[in-house]
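In the numbering used here, the protein residues as written are 16 to 306. In this text, a Cβ means the ideal position worked out from N, Cα and C, and glycines have one as well. Just so we're clear, the structure is a prediction, and the values are computed from it rather than from any experiment. Structure first, commentary second.
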Amino acid sequence: MGQSSVLNSGNWYKFSVTSDGIFKIDYSLLQKAGIDPAQVDPKKIRIYGGQAGMLPQANNSNRIIDLSEIPISIVGEADGKFDASDYILFYAQGPDTYSYDLKSNFFAYQNNLYSDKNFYFLTISESAGKRTTQSQNLSGNFPVIDQFDNFAYYETDKYNLLHSGRQWFGEQFDQSLQLTIQFDLTGIVPNSNIKLTSHVMAQSITDCSFNLSFNNNSILTQQIQAVPNSTFAIKGRVAADTISISEVLVNASTQSTQQIHYQFNKGTSGISVGYLDYLLFTVKRKLALYG
Numbered sequence: 016m017g018q019s020s021v022l023n024s025g026n027w028y029k030f031s032v033t034s035d036g037i038f039k040i041d042y043s044l045l046q047k048a049g050i051d052p053a054q055v056d057p058k059k060i061r062i063y064g065g066q067a068g069m070l071p072q073a074n075n076s077n078r079i080i081d082l083s084e085i086p087i088s089i090v091g092e093a094d095g096k097f098d099a100s101d102y103i104l105f106y107a108q109g110p111d112t113y114s115y116d117l118k119s120n121f122f123a124y125q126n127n128l129y130s131d132k133n134f135y136f137l138t139i140s141e142s143a144g145k146r147t148t149q150s151q152n153l154s155g156n157f158p159v160i161d162q163f164d165n166f167a168y169y170e171t172d173k174y175n176l177l178h179s180g181r182q183w184f185g186e187q188f189d190q191s192l193q194l195t196i197q198f199d200l201t202g203i204v205p206n207s208n209i210k211l212t213s214h215v216m217a218q219s220i221t222d223c224s225f226n227l228s229f230n231n232n233s234i235l236t237q238q239i240q241a242v243p244n245s246t247f248a249i250k251g252r253v254a255a256d257t258i259s260i261s262e263v264l265v266n267a268s269t270q271s272t273q274q275i276h277y278q279f280n281k282g283t284s285g286i287s288v289g290y291l292d293y294l295l296f297t298v299k300r301k302l303a304l305y306g
């Protein structure tokens with residue numbers, strides 16, 4: 016017998032987010048969703064969410080079966096009325112997932128192939144919903160934390176060359192052989208190390224390569240061997256490289272924006288087309304309020 020879902024009863028309103036962060040639902044947004052906030056006791060508002068990221072491919076993998084309630088904060092709910100100045104705050108996760116590997120000191124990022132949004136569901140129940148709580152200050156002496164690990168990521172899924180499977184590639188290097196990717200990333204710690212991973216692919220019947228530069232400083236050449244010029248041969252080769260460079264080499268701590276430039280060097284003859292899969296780099300940043 017299947018498990019009963021929380022969505023089986025009550026009225027539900029669906030909201031979407033595109034990235035991780037703190038989100039706000041105010042009086043106007045509730046009205047747009049079809050709710051009359053003036054008739055709602057804000058203490059009874061609940062918000063539910065599901066699993067972040069893509070579902071696992073294997074059917075026997077663990078996964079969240081149903082939506083679960085998340086704690087929220089409602090400013091102005093104490094009087095039992097949702098006034099025009101009241102609003103809901105809650106932490107939501109976007110459609111993609113990432114994690115930090117302590118052994119490699121590197122971020123792993125998974126782009127969601129099936130959706131560019133993640134969804135949350137609001138309902139008004141008969142009893143009070145979950146609310147965020149305030150933690151007590153801890154006593155004692157603690158080290159000063161003035162920097163943190165951060166990452167920048169770039170991937171656009173534009174081309175599925177076999178029209179099958181889950182492997183997609185982004186920008187094509189054919190008519191145009193160059194691409195510059197810009198990140199607004201300030202506060203990089205001076206003299207720190209930057210780790211960068213670049214995944215590229217090429218369909219070329221002669222050897223070809225990609226040159227990468229970081230803030231106009233050459234950092235990497237990715238060589239890609241030719242593929243056989245045959246109907247039933249492989250259709251391309253992937254190059255995946257991870258390097259560690261000093262921030263000093265690319266002047267990252269002195270820049271308000273970071274620029275990664277790709278230059279594709281075609282093969283000497285015949286078909287030679289390159290593709291960017293994704294780019295990821297991790298940096299140490301000063302702990303500050305950015306933006």
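Only buried fits Q237, as 16 or more other CB atoms lie within 10 angstroms of its CB. CA-CA distance, I40 to P57, rounds to 12 angstroms. Per DSSP, S43 is one residue of the alpha helix (DSSP H) stretching across Y42 to K47. If you check the CB distance, Y63 and F163 do not come in under 8 angstroms. Shown here, K58 sits in a helix according to DSSP, grouped into three states.
Under the Cβ criterion (8 angstroms, minimum of three pairs), the segment 43-55 does not count as touching the segment 110-117. Counting every other CB atom within 10 Å of its CB across the protein chains shown gives L211 a total of 16 or more, marking it as buried. A67 and N133 have their C-alpha atoms roughly 7 angstroms apart. In this structure, the CA atom of W183 is about 41 angstroms from the CA atom of Y42. Under the 10 Å beta carbon count, D101 is surrounded by 16 or more other beta carbons and is classified as buried.
Annotation for L264: the continuous alpha helix (DSSP H) segment containing it runs E262 to V265.
The shortest CA-to-CA distance from D189 to any of A99, L153, D35 and K281 is the one to K281.
In the DSSP assignment, the residues bridged to W27 are T138. Contact annotation, Q193 with Y277: C-beta distance approximately 7 angstroms; criterion of less than 8 angstroms satisfied. Residue state for S268 is assigned as helix, using DSSP reduced to three classes.
The Cβ atoms of Q218 and G251 lie closer than 8 angstroms to each other.
The residues V242, in chain order, have a CB closer than 8 angstroms to that of A248 in the same chain once the five nearest residues on each side in sequence are set aside. Two segments are said to touch when three or more pairs of C-beta atoms, one from each, lie closer than 8 angstroms; by this definition the segment 290-298 touches the segment 120-130.
Remark: three or more beta-carbon pairs, one from each stretch, lie closer than 8 angstroms, so the segment 255-270 and the segment 200-216 are flagged as touching. About 6 angstroms separates the beta carbon of I37 from that of L104, a gap short enough to meet the 8 angstroms contact definition.
Sequence-distant partners of Y168 (beyond 5 residues in either direction) whose C-beta falls short of 6 angstroms from its own C-beta, in its chain, are Y124 and L295.
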